[in-house]
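Visitor: Below you'll find the structure I mean.
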Amino acid sequence: MNPISICSSSSSSSSSSSSSSTAKFLIVHTILAGSAIAIALGARAYLGRARKFRNRVVGIIPARYASSRFEGKPLVQILGKPMIQRTWERSKLATTLDHIVVATDDEKIAECCRGFGADVIMTSESCRNGTERCNEALEKLEKKYDIVVNIQGDEPLIEPEIIDGVVKALQAAPDAVFSTAVTSLKPEDAFDPNRVKCVVDNRGYAIYFSRGLIPFNKSAKVNPQFPYLLHLGIQSYDSEFLKIYPKLQPTPLQLEEDLEQLKVLENGYKMKVIKVDHEAHGVDTPEDVEKIESLMLYISSTPQQRKESRSSGAVRVTFRTVMEDEVSFDLVEDIFCRLPVKSLLRFKVGCRGWLLLIKDPKFIKLYLQRSTQSHTQGSLVTVVVKFARWIWVR
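Read left to right, the sequence shown gives residues 443 to 836 (the numbering used here).
Rendered as structure tokens:
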């Protein structure tokens, strides 16, 4: 055997193998590089679409004159202004709305709204609820919108942050076609059929709405430890879904409870729910007007006037109301002294109150002088007072 030929053959085989490996290496890396580029381009396109996803938003305030409980409600005067105007003015403060219109079937309401500068769209009297009225108004708008916010005209104290909240919730949940807001239910409203209750799943999607108390326990009593939820009227829809909604047939649960949200759930659509810290101040009956006016007067009054209102029982004061208004010693003392630990811990804005309390030396000194009063015993403020006294004397 010729050793030279063997060596030559071996060398040729090795060279061929090396060339083959290099080719495979280049092919693999080319595929990987191509995949990376494709992924990058796809991600860029996705982010571009995400930025544009449901970004055009219109707020619609449906208003009708006829009402079985309160006829002409949108035009009722609330401290010198029609209620519909106060709702419109509050809605204008929301940052997510590109446009706001009032949708009504009544010329008196339309004339009133045009008088204070609102855009008005006339709708038919056949609309069965606010959602259908919003849909008809959407069809008559010249511009195209991705999200429609149904703003209840009987909420003259609606917070613009809640409007922004339901819009952002729908924008962040592409699998949902509907979003709404809930807040904590007051015990006195537990069995009021005008206060709609809601239950949600662990991901914040609605399970059910009811005029009755839900969940309902076997003792048939309100459980003070359970976080019952009250549905607020504001809700937003994907505009494409809103076009479908009127075509959906009424559902059994919707008809039984007389709640339009149930038609959405019964047809298998998802509804995103956000929880907000809000005192529900809707006007459902003529008696509610006086309550709203008293509350608005209280908020705009001086500390001394507020104290007189509280002593006369004209306004139900909450810790949240105090913290959002001008803080004075008498005002904060009254709230902090009479609330027990459990109640104080329920307020999310409590931290602000405590910071304001310990920030002002004059406040602390005055508070310490009165801290021996018996009504401070058994409350969380007792602990703070003792600690503050210890700091003060050092």
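Ideal Cβ positions, reconstructed from N, Cα and C, are used throughout, including at glycine. Here the structure is a predicted model, which is why all the values come from computation and not from measurement.
Using the C-alpha atoms, what's the distance from valine 718 back to arginine 575?
Guide: Spanning the two alpha carbons is a distance of roughly 26 angstroms.
Visitor: How many whole angstroms separate the CB atoms of valine 500 and leucine 535, which I take to be in contact at a CB cut-off of 8 angstroms?
Guide: Not quite, the Cβ-Cβ distance comes to about 16 angstroms (not below 8 angstroms), so this is no contact.
Visitor: For the structure I just gave you, are there three or more beta carbon pairs, one from the stretch 684-693 and one from the stretch 633-650, closer than 8 angstroms?
Guide: Verdict: no, contact absent.
Visitor: Along the beta strand (DSSP E) that carries alanine 545, what are the first and last residues, could you check?
Guide: Run containing alanine 545: 541-546, per the beta strand (DSSP E) assignment.
Visitor: Taking 8 angstroms as the cut-off, decide whether the C-beta atoms of valine 632 and isoleucine 604 are in contact.
Guide: In the sequence under discussion, the amino acid at residue 632 is alanine, which differs from the valine named in the question. Cβ distance not < 8 angstroms, so alanine 632 and isoleucine 604 don't count as in contact.
Visitor: Spatial neighbours of glutamate 708 within its chain, please: C-beta separation below 7 angstroms, excluding the five flanking residues on both sides.
Guide: Closer than 7 angstroms at Cβ, skipping near neighbours: Thr693, Leu695 and Gln696.
Visitor: Using a threshold of 8 angstroms, state whether the C-beta atoms of serine 678 and asparagine 571 are closer than that.
Guide: Result no, Cβ atoms of serine 678 and asparagine 571 do not sit closer than 8 angstroms.
Visitor: Near isoleucine 676, which residues of its chain fall below 8 angstroms by C-beta distance, leaving aside the five closest residues on each side in sequence?
Guide: Answer for isoleucine 676: Val591, Asn592, Ile593, Gln594, Glu597, Ile600, Ile604, Ile605, Val608, Thr622 and Ala623, listed in chain order.
Visitor: What does the alpha-carbon distance come out to for the pair valine 725 and isoleucine 479?
Guide: Looking at the two C-alpha atoms, the distance is approximately 58 angstroms.
Visitor: Within its chain, find whatever has a CB closer than 7 angstroms to the CB of aspartate 617; leave out the 5 residues flanking it on each side and keep chain order.
Guide: Excluding residues within five positions, the ones whose Cβ falls inside 7 angstroms are Lys712.
Visitor: Reducing DSSP to helix, strand and coil, say where asparagine 592 ends up.
Guide: Strand.
Visitor: Count the other CB atoms within 10 Å of the CB of alanine 508; is the residue buried (16 or more) or exposed (fewer)?
Guide: Exposed, because fewer than 16 other Cβ atoms sit within 10 Å of the Cβ of alanine 508.
Visitor: What's the gap between the Cα of leucine 671 and the Cα of alanine 552?
Guide: For leucine 671 and alanine 552, the distance between alpha carbons rounds to 34 angstroms.
Visitor: Which residue wins for smallest C-alpha separation from glutamate 567, given the options Pro602, Gly559 and Glu578?
Guide: The shortest C-alpha separation from glutamate 567 is found at Glu578.
Visitor: Do histidine 723 and leucine 737 have their C-beta atoms closer together than 8 angstroms?
Guide: Yes.
Visitor: Could you tell me how far apart the beta carbons of glycine 646 and valine 715 are, in whole angstroms, since I believe they sit closer than 8 angstroms?
Guide: That pair is a contact at about 6 angstroms.
Visitor: Which residue wins for smallest C-alpha separation from proline 524, given the options Asp700, Phe558 and Pro602?
Guide: Closest by alpha carbon: Phe558.
Visitor: Between the alpha carbons of tryptophan 530 and histidine 541, how many angstroms are there, rounded?
Guide: Roughly 11 angstroms between the two C-alpha positions.
Visitor: Let's see if you can read the secondary structure: which residues bound the beta strand (DSSP E) around threonine 625?
Guide: Taken as a continuous stretch (DSSP letters only), the beta strand (DSSP E) holding threonine 625 covers 620-626.
Visitor: Would you kindly work out how many angstroms separate the C-alpha atoms of glutamine 667 and leucine 627, rounded to a whole number?
Guide: Looking at the two C-alpha atoms, the distance is approximately 12 angstroms.
Visitor: Taking phenylalanine 620 as the reference, which of Glu698, Gln519, Gln703 and Asp634 has the closest Cα?
Guide: Residue Gln703 is the option with its Cα nearest to phenylalanine 620.
Visitor: Under a three-way DSSP split, which group does cysteine 569 fall into?
Guide: Residue state, collapsed to three classes: coil.
Visitor: Is the separation between the beta-carbon of isoleucine 563 and that of lysine 550 shorter than 8 angstroms?
Guide: Their beta carbons are not under 8 angstroms apart, which means isoleucine 563 does not touch lysine 550 by this criterion.
Visitor: Using a 10 Å radius around the Cβ and a threshold of 16 neighbouring Cβ atoms, would you call isoleucine 777 buried or exposed?
Guide: Note that isoleucine 777 has pLDDT 42, beneath the 50 cutoff, so the model's placement of it is unreliable and the number below is only indicative. With 16 or more other Cβ atoms within 10 Å, it is buried.
Visitor: Which one of Ala614, Ile741 and Val731 has the shortest CA to CA distance from valine 518?
Guide: Of the candidates Ala614, Ile741 and Val731, the one whose C-alpha sits nearest the C-alpha of valine 518 is Val731.
Visitor: Return the first residue and the last residue of the beta strand (DSSP E) that phenylalanine 562 is part of.
Guide: Sequence inspection shows valine at residue 562; the phenylalanine mentioned does not correspond to that position. Where valine 562 is concerned, the enclosing beta strand (DSSP E) stretches over 561-564.
Visitor: Sort out for me which residues DSSP pairs alanine 536 with in a bridge.
Guide: Per DSSP, none; premise fails for alanine 536.
Visitor: For alanine 505, which option in Asn497, Ile473, Cys554 and Ile469 has the closest C-alpha, if you only look at C-alpha atoms?
Guide: Nearest option by C-alpha distance: Cys554.
Visitor: What does the Cβ neighbour count give for alanine 545, buried or exposed, with the cut at 16 atoms within 10 Å?
Guide: It counts as buried.
Visitor: For leucine 580, does the three-state DSSP call read helix, strand or coil?
Guide: Of the three classes helix, strand and coil, the one that applies to leucine 580 here is helix, per DSSP.
Visitor: Going along the chain, which residues of its own chain have a beta-carbon closer than 6 angstroms to the beta-carbon of isoleucine 656, five neighbours each way excluded?
Guide: Within the same chain, isoleucine 656 has close Cβ partners Lys639 and Val641.
Visitor: Between Thr727, Pro602 and Ala648, which has its C-alpha nearest phenylalanine 907's C-alpha?
Guide: The first residue shown for the chain is 443 and the last is 836, placing residue 907 beyond what the model contains.
Visitor: Indicate the three-state DSSP secondary structure (helix, strand or coil) for arginine 493 in the structure shown.
Guide: Reliability of the predicted coordinates at arginine 493 is poor, the pLDDT of 43 falling under 50, and no value is obtained from them.
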